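Everything below concerns the one structure shown next.
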Amino acid sequence: MIERALKGNEKYWGWVGLLLLLIGVGFACYIYQLYNGLGITGMSRDISWGVYIAQFTYLVGVAASAVMLVIPKYLHNYKKYTNVVIFGEFLAIAAVTMCMLFIIVDIGQPARVLNVLLHPTPNSILFWDMIVLNGYLIINVIVGWNTLLADKKDVPSPGWVKPFIYLSIPWAASIHTVTAFLYAGLPGRHLWLTAIMAPRFLASAFASGPSLLILLLLLVKSVSKFDPGKEAIQSLAKTVCYAMIINVFFLCMEFFTAFYSNIPGHMYSLQYLFAGLHGHDRLVPWMWTSAFLAVVGIFIMLVPPLRKQTAYLVLGCASIFLSTWIDKGVGLVIGGFIPNPFETVTEYYPTFPEIAISIAIWAIGALVLTILYKIAISVREEQQMA
Amino acid sequence: MKASRREFLKLAGVSALFGLGANAAFELLTPGALEASSEVAHGAAHGEAAEGVQAATRWAMVIDVRKCILQEDCQDCVLACNSTHNIPTVGNPKEEIKWIWKDTFEHLFPDQHSQYVDEGLEGKAFPVMCNHCQYPPCVRVCPTKATFKRPDGIVMMDMHRCIGCRFCMAACPYGARSFNWRDPRKYFEGKEAMLNPEQPTRTKGVVEKCTFCPERLAKGLEPACVEACKKRKSDCLIFGNLNDPESEVRKILRKRTSIRRKPELGTQPSVFFLV
Amino acid sequence: MYDLNKILVGLAIFLLFFTFPILYGMGSAVPAPKPKLDTPEIQKLTDKKCVEDTHFMRTSHMQFLNYWRDKAVREDHRTYDSKLNGKKYDISLQNTCMKCHSNKKDFCDSCHTYASVKPYCWDCHIEPKAAKESM
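Just so you know, the protein sequences line up as chains A, B and C, in that order. Numbering follows the numbering used here, with no gaps: position 93 of the first sequence is 93. If you count the second sequence from 1, you need to add 1000 to reach the numbering used here. If you count the third sequence from 1, you need to add 2000 to reach the numbering used here.
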């Protein structure tokens, strides 16, 4: 079916060309980073994880969100999602690919990355993260490809795919739980040392992934003859709405525990993020923007007359996507390192090469997504004509 | 029996999966059994010294804060460590590499610090290094066992294996670890004579920290910082075996009040501060 | 055949790329290197033996160094009993191997350059200062 991605109009190839350009620039920056070391980024002794790991953390959530389509369709036979699940699974593939690329560019000695396999260390959560992410990628490739192939041939999916589909449901929850465990078990970082980290991650994932998916489906509808269906999109939007409400609720819970207990260690990181600490307040505008966007997004998704209008739907989904991106990426990962173990503040800003590499990886994800979606769209278009 | 090509391929595929999975399963069920190394790596897989077995030695450091802060502007321990181990002077504090350094009570014990710390101590700097915890979070999270706990208590670094993921740096509650953001040799350009030819440097992309000088301990010497302090006759750094009731460290811990950094985290540090 | 001309041109270009390394290196074959063992430290030895015998070192010195690496760093066994001469050696690349073989350029590098091998040990391990050579 891959040959279907090789047929496209000018706009299609123009888009692919743009992505390849972004990838090329980022790749050159990565060579520069390989040669000179990670010092070319904005990371420091105090903030030892930055944009790369932030993007990784966020994208694991986006990948996990495919389960929000799989559960209704395959466990509860929700027919409205029949034509749309594939787009969720393909989004998961693109997202997991990006996750793994972000890990690789963040590693100081990438040639040694196989050491994780040569010296398996089950007590290290990073070991499990590698396993579950690769497993999730394989599951989605198997399920997505074979179900789409069956659709193309106009036959029911082969029976052996079903176990993989059912496996993908707990597996999706596991990838994001394991990623949350990377943070939630570290005794020295009080912003992360909370039992609610995994639930927060999942809620935020189920808000961010489907909202991105809605935007992508609307885009698919506008550039092709395939119509995902109004009900499918509205159901997704309702998922986004409640997931985001729960996500914001969880954040408020963090505030309560921190500030009602008045324990300095618990308060400092949130103070830094939302008010500034010891005069350092670089991230404060970001966090309040995220909060504002969250409110806007929830309001739009909650009010049916707004949610049902495409323009508002786009605004609402974009708001929630951006809000969760700031909250999880920028806020959580950077904020966890501030203040440092000595309770001083070192701030962080990414450098140009760092941003270029990140954009290149997003472009690789977009390219993978473009190719996969092109194939899926062409199959769906054929089905709709028949 | 009629076996079709499909059936054969299915069987072959499943068998291959079993074969690939066997190694991982074996490793999971008996961690470290497949490794050629001895009990050290096996103990490291559990992240801590073997339970129930009293290790023969537990190395520890006692820092006499009161004596040290009387030695104003002394950096002998830091200089000894840096020159012994070829630790570069980076200049940019964001990228600095430090195994032992001096810091104040406010920064090292932020939970203990108050407005009413005595004038003798307030603002005065004293040495700090990796705590060589008994239950080190850094060892727990390292995905390759590049950092591991030795039976004698030292949390060791294997620079050959480190992939530079910096998970250990996120896990360490004490800020004891440094990463090589660039090639450290660059900082020695023009100053190659300062390099200690008996020790390596590190390379870019790996994490490093104090290791209690195992190459010196193997020769019966004390760590470089301790020796430098003794040379000055300041006697601020006392090093020894915590499991030996007659060692210097045990004797002084019986006499003086000591504190450790962030004890509530359960890491059980091996570095004691006499305040 | 369709597009025969294009195919032939393409094939020619492909062959050119594929055989480029051979064409580029033509005429510049060099004889096998002879690593030099005449450092001052080796000359001072009465019993001119390495840690193990020459044949073993030639075939397996990298595996041997990895074994030494794991012994010293991971197991804290820092003394090695030589099977060749029964002597005990400190397990250390810089302080044992390179003390005798201090002429890295004429010893290690001569074979490595010939075989186009670039061991990255020297990113960390400090190369010995060969006698009479300035920094």
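Every residue gets a Cβ at the ideal spot worked out from N, C-alpha and C, and that includes glycine. It should be emphasised that the depicted structure is a prediction, and the values quoted were computed from it without experimental measurement.
Exercise. Cα-Cα, which of A:M1, A:S44, A:S358 is closest to T346 of chain A?
Worked result: Residue numbering aside, residue 346 of chain A sits at position 346 when the first sequence is read from its first letter. That would be A:S44, whose Cα lies nearest to the Cα of T346 of chain A.
For this session: For L1034 of chain B, count neighbouring C-beta atoms within 10 Å of its own C-beta (all shown protein chains included) and say buried if the count is 16 or more, exposed if not.
Result: The residue labelled residue 1034 of chain B in the question sits at position 34 within the second sequence. Unreliable placement is indicated for L1034 of chain B, whose pLDDT of 41 sits below 50; no coordinate value is reported for it.
Exercise. Comparing the C-beta of R2058 of chain C with each C-beta of chain B, is any distance below 8 Å?
Worked result: Taking the third sequence and counting its residues from 1, the one referred to as residue 2058 of chain C is at position 58. Closer than 8 Å: no.
Exercise. Can you name the start and end residues of the beta strand (DSSP E) that I1238 of chain B belongs to?
Worked result: Taking the first residue of the second sequence as position 1, residue 1238 of chain B is located at position 238. 1237–1241 is the extent of the beta strand (DSSP E) around I1238 of chain B.
For this session: Give the DSSP-derived three-state secondary structure of K1204 of chain B in the structure shown.
Result: Position 204 of the second sequence, counted from the start, is the residue given in the question as residue 1204 of chain B. Under the three-state reduction of DSSP, K1204 of chain B is assigned to coil, being neither helix nor strand.
Problem set entry | chain A contacts from the segment 1244–1270 of chain B (Cβ-Cβ distance under 8 Å) | Answer set for the segment 1244–1270 of chain B: K1262, L1265, G1266, T1267.
Exercise. Going by DSSP, what residues sit across from M1129 of chain B in a beta bridge?
Worked result: Along the second sequence, read from residue 1 onward, the residue named residue 1129 of chain B stands at position 129. According to the DSSP secondary-structure assignment, M1129 of chain B is paired through a beta bridge with B:I1100.
For this session: Tell me whether V333 of chain A is buried or exposed, calling it buried when 16 or more other Cβ atoms sit within 10 Å of its Cβ.
Result: Numbered from its first residue, the first sequence carries residue 333 of chain A at position 333. Around the C-beta of V333 of chain A, 16 or more other C-beta atoms lie within 10 Å, and the residue is accordingly described as buried.
Exercise. Residues of chain C with a CB under 7 Å from the CB of M1129 of chain B: which are they?
Worked result: On the second sequence, residue 1129 of chain B is found 129 positions in, with the first residue counted as 1. Within chain C, no C-beta atom comes less than 7 Å from the C-beta of M1129 of chain B; the nearest is roughly 19 Å away.
Problem set entry | Per-residue contacts from N2095 of chain C into chain B (C-beta, under 8 Å) | Within the third sequence, residue 2095 of chain C is the residue found at index 95, counting from 1. The contacting residues are E1198.
Exercise. Cα-Cα, which of A:L117, A:L69, A:I263, A:S358 is closest to A28 of chain A?
Worked result: Counted from its first residue, the first sequence places residue 28 of chain A at position 28. Relative to A28 of chain A, the option among A:L117, A:L69, A:I263, A:S358 whose CA is nearest is A:S358.
Exercise. Can you round the beta-carbon distance between L322 of chain A and L369 of chain A to whole angstroms, since I take them to be within the 8 Å contact cut?
Worked result: Counting from one through the first sequence, the residue named residue 322 of chain A turns up at place 322. Counting from one through the first sequence, the residue named residue 369 of chain A turns up at place 369. Wrong, their Cβ atoms sit about 18 Å apart, outside the cutoff.
For this session: Classify K1149 of chain B as helix, strand or coil using the three-state DSSP reduction.
Result: By 1-based counting over the second sequence, the position of residue 1149 of chain B is 149. K1149 of chain B: strand per DSSP, three-state reduction.
Exercise. Where T177 of chain A and K2087 of chain C are concerned, what is the direct C-alpha to C-alpha distance, given to the nearest angstrom?
Worked result: Indexing the first sequence from 1 puts residue 177 of chain A at position 177. Indexing the third sequence from 1 puts residue 2087 of chain C at position 87. For T177 of chain A and K2087 of chain C, the distance between alpha carbons rounds to 55 Å.
Problem set entry | C99 of chain A (DSSP reduced to helix, strand or coil) | The sequence position of residue 99 of chain A within the first sequence is 99, counting from 1. Here C99 of chain A sits in helix by DSSP.
For this session: Please confirm if D1183 of chain B has its CB atom under 8 Å from at least one CB of chain A.
Result: For the purposes of this step, residue 1183 of chain B is taken as the residue at position 183 of the second sequence. Yes, contact with chain A.
Problem set entry | Beta-carbon separation (whole angstroms), Y348 of chain A vs I47 of chain A, contact threshold 8 Å | Your numbering for residue 348 of chain A matches position 348 in the first sequence. Your numbering for residue 47 of chain A matches position 47 in the first sequence. The Cβ separation is near 4 Å, so the contact holds.
Exercise. Expressed to the nearest angstrom, what Euclidean distance is found between the alpha-carbon atoms of C2108 of chain C and E1248 of chain B?
Worked result: Here the question's residue 2108 of chain C lines up with position 108 in the third sequence. Here the question's residue 1248 of chain B lines up with position 248 in the second sequence. Each residue's Cα considered, the two are about 46 Å apart.
Problem set entry | Interface flag, T1201 of chain B vs chain C, CB-CB below 8 Å | For the purposes of this step, residue 1201 of chain B is taken as the residue at position 201 of the second sequence. With a threshold of 8 Å between beta carbons, T1201 of chain B makes contact with chain C.
Exercise. What are the residues that DSSP puts in a beta bridge with F1179 of chain B?
Worked result: On the second sequence, position 179 is the one that residue 1179 of chain B refers to. B:V1207.
Exercise. Does Y1116 of chain B get closer than 8 Å to chain A when you measure Cβ to Cβ?
Worked result: Taking the second sequence and counting its residues from 1, the one referred to as residue 1116 of chain B is at position 116. Chain A, which has no Cβ nearer than 8 Å to the Cβ of Y1116 of chain B, makes this no.
For this session: Since I believe I320 of chain A is in contact with G297 of chain A (beta carbons under 8 Å), could you give me their beta-carbon distance rounded to a whole number of angstroms?
Result: On the first sequence, residue 297 of chain A is found 297 positions in, with the first residue counted as 1. On the first sequence, residue 320 of chain A is found 320 positions in, with the first residue counted as 1. Going by Cβ atoms, the distance from G297 of chain A to I320 of chain A rounds to 4 Å, so yes, they are a contact pair.
Exercise. Whose C-beta lies closer than 6 Å to the C-beta of T2039 of chain C among residues of the same chain, with five residues either side of it excluded?
Worked result: Along the third sequence, one-based indexing puts residue 2039 of chain C at 39. Only residues of its own chain outside the window of five on either side were considered, and among them S2102, N2103 have a CB closer than 6 Å to the CB of T2039 of chain C, listed in chain order.
Exercise. Would a check of beta-carbon distances place L1009 of chain B closer than 8 Å to chain C?
Worked result: Counted from its first residue, the second sequence places residue 1009 of chain B at position 9. Not flagged as an interface residue toward chain C: L1009 of chain B, since no C-beta distance is shorter than 8 Å.
Exercise. If W1059 of chain B and H1113 of chain B are in contact, beta carbons under 8 Å, what's the gap, nearest whole angstrom?
Worked result: The residue labelled residue 1059 of chain B in the question sits at position 59 within the second sequence. The residue labelled residue 1113 of chain B in the question sits at position 113 within the second sequence. So it is not a contact: roughly 28 Å between Cβ atoms.
Exercise. Considering only residues of the segment 1069–1118 of chain B, which uninterrupted alpha helix (DSSP H) runs meet the minimum length of 4 residues and lie entirely inside it, listed in chain order?
Worked result: 1076–1084, 1105–1108, all fully within the segment 1069–1118 of chain B.
Exercise. Apart from the five residues on each side of it in sequence, which residues of its chain come closer than 8 Å, Cβ to Cβ, to A275 of chain A?
Worked result: Position 275 of the first sequence holds residue 275 of chain A. Cβ within range, chain order: D281, V284.
Exercise. Do you know how far the Cα of Y30 of chain A is from the Cα of P353 of chain A?
Worked result: Mapped onto the first sequence, residue 353 of chain A falls at position 353. Mapped onto the first sequence, residue 30 of chain A falls at position 30. As the crow flies, the alpha-carbon of P353 of chain A is around 8 Å from that of Y30 of chain A.
For this session: Go through its chain and collect everything with a Cβ distance to T121 of chain A's Cβ below 8 Å, but skip five positions before and after it.
Result: Locating residue 121 of chain A in the first sequence gives position 121, where the first residue counts as 1. F127.
For this session: Report yes if the CB atom of N997 of chain B is closer than 8 Å to the CB atom of E1215 of chain B, and no otherwise.
Result: In this structure chain B extends from 1001 to 1275, so residue 997 of chain B is not present and cannot be described.
Exercise. Counting Cβ pairs, one atom from each stretch, are 3 or more of them under 8 Å apart for the segment 1084–1091 of chain B and the segment 1184–1194 of chain B?
Worked result: A contact exists between the segment 1084–1091 of chain B and the segment 1184–1194 of chain B.
Exercise. Taking all protein chains shown into account, do 16 or more other C-beta atoms lie within 10 angstroms of the C-beta of A1016 of chain B, making it buried, or fewer, making it exposed?
Worked result: Taking the first residue of the second sequence as position 1, residue 1016 of chain B is located at position 16. Result: exposed.
Problem set entry | Identity of the residues DSSP links to T2079 of chain C by a beta bridge | Indexing the third sequence from 1 puts residue 2079 of chain C at position 79. In DSSP, T2079 of chain C forms a bridge with C:D2090.
Problem set entry | E1048 of chain B versus C1138 of chain B: straight-line alpha-carbon distance, rounded | Here residue 1048 of chain B corresponds to residue number 48 of the second sequence, with the count starting at 1. Here residue 1138 of chain B corresponds to residue number 138 of the second sequence, with the count starting at 1. The predicted position of E1048 of chain B is uncertain, since its pLDDT is 40 and thus under 50; a value taken from the coordinates is nonetheless stated next. E1048 of chain B and C1138 of chain B: Cα-Cα distance of roughly 11 Å.
Problem set entry | DSSP three-state assignment for S1247 of chain B, whether helix, strand or coil | Looking up residue 1247 of chain B in the second sequence gives position 247. S1247 of chain B falls in the coil class under three-state DSSP.
For this session: Since I believe L215 of chain A is in contact with V314 of chain A (beta carbons under 8 Å), could you give me their beta-carbon distance rounded to a whole number of angstroms?
Result: Taking the first residue of the first sequence as position 1, residue 314 of chain A is located at position 314. Taking the first residue of the first sequence as position 1, residue 215 of chain A is located at position 215. A Cβ-Cβ separation of about 7 Å places V314 of chain A in contact with L215 of chain A under the 8 Å criterion.
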